[in-house]
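Trainee: Under my numbering, the sequence shown has 33 at position 34, and the numbering climbs by one with no breaks.
For each residue, glycine too, the CB sits at the ideal point set by N, CA and C.
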Amino acid sequence: MTEVARRTDAVPLYGDRYRTDPAEVYAQLRDKHGPVAPVLLEGDIPAWFVCGYRELHQVTTDSTLFARDTRRWNAWETVPDDWPLLPHLVHNPSVMFTEGPEHQRRAGALSEALESVDQFELASQCERIADQMIDRFAGAGEAELMSQYASRIPLSAAALMCGVPQAQTRMLVDDVMAAMNSSLADQMTAYGRMEEEMLALLERKRVTPGSDVPSHLLTNPANLGDEEILADLLLVMLQAHGQTTNWIGNTVALMLTDERFAITLSGGRASVGDALSEVLWHDTPTQNYLGRIATRDTRLGGQRIRAGDLLVLGLAAANADPHVRPAEGASGNRAMMSFGHGEHGCPYPAPEIAEIIAKTSIEVLVDRLPDLVLAGDLEWRSSVWTRGLTRLPVSFTPAYQP
Numbered sequence: 000m001t002e003v004a005r006r007t008d009a010v011p012l013y014g015d016r017y018r019t020d021p022a023e024v025y026a027q028l029r030d031k032h033g034p035v036a037p038v039l040l041e042g043d044i045p046a047w048f049v050c051g052y053r054e055l056h057q058v059t060t061d062s063t064l065f066a067r068d069t070r071r072w073n074a075w076e077t078v079p080d081d082w083p084l085l086p087h088l089v090h091n092p093s094v095m096f097t098e099g100p101e102h103q104r105r106a107g108a109l110s111e112a113l114e115s116v117d118q119f120e121l122a123s124q125c126e127r128i129a130d131q132m133i134d135r136f137a138g139a140g141e142a143e144l145m146s147q148y149a150s151r152i153p154l155s156a157a158a159l160m161c162g163v164p165q166a167q168t169r170m171l172v173d174d175v176m177a178a179m180n181s182s183l184a185d186q187m188t189a190y191g192r193m194e195e196e197m198l199a200l201l202e203r204k205r206v207t208p209g210s211d212v213p214s215h216l217l218t219n220p221a222n223l224g225d226e227e228i229l230a231d232l233l234l235v236m237l238q239a240h241g242q243t244t245n246w247i248g249n250t251v252a253l254m255l256t257d258e259r260f261a262i263t264l265s266g267g268r269a270s271v272g273d274a275l276s277e278v279l280w281h282d283t284p285t286q287n288y289l290g291r292i293a294t295r296d297t298r299l300g301g302q303r304i305r306a307g308d309l310l311v312l313g314l315a316a317a318n319a320d321p322h323v324r325p326a327e328g329a330s331g332n333r334a335m336m337s338f339g340h341g342e343h344g345c346p347y348p349a350p351e352i353a354e355i356i357a358k359t360s361i362e363v364l365v366d367r368l369p370d371l372v373l374a375g376d377l378e379w380r381s382s383v384w385t386r387g388l389t390r391l392p393v394s395f396t397p398a399y400q401p
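#1: Go to residue 242, then tell me how far its alpha helix (DSSP H) extends in each direction, as first and last residue.
#2: Three or more C-beta pairs closer than 8 Å, one from the stretch 86-102 and one from the stretch 204-216: is that the case here?
#3: Relative to the C-alpha of residue 309, which residue among 287, 74, 139 is closest?
#4: In chain order, what residues of the same chain have a beta carbon less than 8 Å from the beta carbon of residue 294, not counting five sequence neighbours either side?
#5: How about residue 336 and residue 317: are their beta carbons less than 8 Å apart?
#6: If you draw a straight line from the C-alpha of residue 215 to the C-alpha of residue 187, how long is it?
#7: Less than 8 Å between the CB atoms is what I'm expecting for residue 363 and residue 23, so what's the real figure, rounded?
#8: Find out if the Cβ-Cβ distance for the pair residue 138, residue 346 is shorter than 8 Å.
#9: Going by DSSP, what residues sit across from residue 48 in a beta bridge?
#10: Which same chain residues end up closer than 7 Å to residue 92 when comparing Cβ atoms and leaving out the 5 residues on each side of it in sequence?
#11: By Cβ distance below 8 Å, which residues in the same chain neighbour residue 253 in space, the five residues on each side in sequence not counted?
#12: Within the stretch 46-93, note down every full alpha helix (DSSP H) run reaching 4 residues or more, in order along the chain.
#13: Taking buried to mean at least 16 other C-beta atoms within 10 Å of its own C-beta, is residue 89 buried or exposed?
#14: Per DSSP, which residues does residue 143 bridge with? Please list them.
#15: Sort 41, 86, 174, 140 by Cα distance to residue 394 and report the nearest one.
#16: The beta strand (DSSP E) with residue 290 in it runs from where to where?
#17: Would residue 26 and residue 290 be called neighbours here (beta carbons separated by less than 8 Å)?
#18: Rounded to whole angstroms, how far is the Cβ of residue 221 from the Cβ of residue 107, which I believe are closer than 8 Å?
#19: By the DSSP assignment, the alpha helix (DSSP H) with residue 462 in it spans what residues?
#20: For residue 368, tell me which candidate among 129, 101, 54 has the shortest Cα-Cα distance.
#21: Leaving out the 5 sequence neighbours to the left and right, which residues in its chain are closer than 7 Å to residue 297 when beta-carbon positions are compared?
#22: Since residue 375 and residue 284 should fall inside the 8 Å C-beta cutoff, what is the C-beta to C-beta distance between them, to a whole number of angstroms?
#23: Tell me which residue opens and which closes the alpha helix (DSSP H) that residue 7 is part of.
#24: Of all the options 34, 248, 41, 29, which has the alpha carbon lying nearest to the alpha carbon of residue 11?
#25: Can the beta-carbon of residue 154 be found closer than 8 Å to that of residue 87?
#26: Residue 384 by DSSP, collapsed to three states: which one?
#27: With H, G and I counted as helix, E and B as strand and the rest as coil, what does DSSP make of residue 256?
#28: With distances taken from CA atoms, which of 287, 315, 349, 389 is nearest residue 383?
#29: Rounded to a whole number of angstroms, what is the C-alpha to C-alpha distance between residue 266 and residue 251?
#30: Could you pull out every residue in the same chain whose Cβ sits closer than 7 Å to the Cβ of residue 111, ignoring the five residues on either side in sequence?
#31: Can you round the beta-carbon distance between residue 38 and residue 312 to whole angstroms, since I take them to be within the 8 Å contact cut?
#32: What does the alpha-carbon distance come out to for the pair residue 56 and residue 389?
#33: Have a look at residue 263 and residue 163 and give me their C-alpha separation to the nearest angstrom.
#34: Where does the unbroken beta strand (DSSP E) through residue 299 begin, and where does it stop?
#35: Given a threshold of 16 other Cβ atoms within 10 Å of its Cβ, counted over all protein chains shown, does residue 135 qualify as buried or as exposed?
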């Protein structure tokens, strides 16, 4: 039995209390246990929750002591086959689970491929995609922005970066959305279609390469195999959908509900960057991340950690650590943990690419619909990992559609 499994004061990171106010749960965990707290994941699976900024920095920096390969976890025998968090922990061929020189080889190739993206062209493409999306509902005077706007632009942009033909982009977008938002069986079916589509894309790029991410991965000196490239392309698509979509939605919600931004929403381009930064600090899309596994017995934040124990990275909680949390409006402070840290953090320049997509999407929205207002209650997704909206209803003056 692990040290954390023996704790009777472990706090659930699920349920109504967590769903209603996760920030309050993080604060109470810190007050009661300090920067590292015993928690229970869904199904009462024990883990350690790293909520201190300094401690999270230590864990994400020391990849030897706190490793990424989840096959080291000492509690696998307690996990049921239908555990809903399995997709976050089961080892797969993507760069997320590699370590040491292998991780450096894979992550380096992915970063080089992402660096090849022309960021000016990307912004221009995002403007075009955003305009097309808005055209579909501008004449109605109302919209549900998560399903009709925020969730579709990042995927469409990622498809363009990957050189997906325009005729197939919509099918791929629908499959990614199904893989993220459906039942487990439907998710597996959609994921299988995505794999087939990406494999076909690799074959086309091998014959006719272009200036896109798959082509750069195929020719990278790291000599990646098709399985490796496939896993990392799917990772790029899913991350583009989940995190960038929620960054857009959370930021628009902030601008529509906070008077500091509402007064400059119409044409207030300077406020968009401020709002994006504030969301990363105070309402970050990626709340927590699974995880790291201790490779030997150690102490962290006053707690005794056993070899094989699972650590949950409390990104949102670390951002809220009173030792580092900036005042509202401190938009120039970029030291937040929202994109992780260390060699397993979000690969450069993925955060820059995500910001271009999010910022462009919001700027086009407020330019096209300057009197945008909230038209109903915000509905938040219940997830220990993600802070995002399921509904963002808005209304506006209908735009003339020629």
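Mentor: In this structure, then:
#1: From DSSP, residue 242 is part of no alpha helix (DSSP H); its letter is neither H nor E.
#2: no
#3: 74
#4: 63, 64, 65, 66, 71, 306
#5: yes
#6: 28 Å
#7: Their Cβ separation, rounded to whole angstroms, is 35 Å, which puts residue 363 and residue 23 out of contact at 8 Å.
#8: no
#9: 36, 311
#10: 226, 227, 230
#11: 260, 274, 277, 278, 282
#12: 52-60, 85-88
#13: exposed
#14: 392
#15: 140
#16: 288-293
#17: no
#18: 7 Å
#19: Because the chain is modelled from 0 through 401, residue 462 falls outside the range shown and cannot be assessed.
#20: 129
#21: 64, 304
#22: Not really, about 21 Å apart at Cβ, beyond 8 Å.
#23: Taken as a continuous stretch (DSSP letters only), residue 7 belongs to no alpha helix (DSSP H), as it is neither H nor E.
#24: 41
#25: no
#26: coil
#27: helix
#28: 287
#29: At residue 266, the pLDDT of 49 sits below 50, so the modelled position is not reliable; the number obtained from the coordinates is stated separately. Between residue 266 and residue 251, the C-alpha separation is close to 14 Å.
#30: 215, 219
#31: Their Cβ separation, rounded to whole angstroms, is 12 Å, which puts residue 38 and residue 312 out of contact at 8 Å.
#32: 31 Å
#33: Note that residue 263 scores 49 on pLDDT, short of 50, meaning its location in the model is unreliable; the coordinates nonetheless yield the value given after this. Going from the Cα of residue 263 to the Cα of residue 163 covers about 37 Å.
#34: 297-299
#35: exposed
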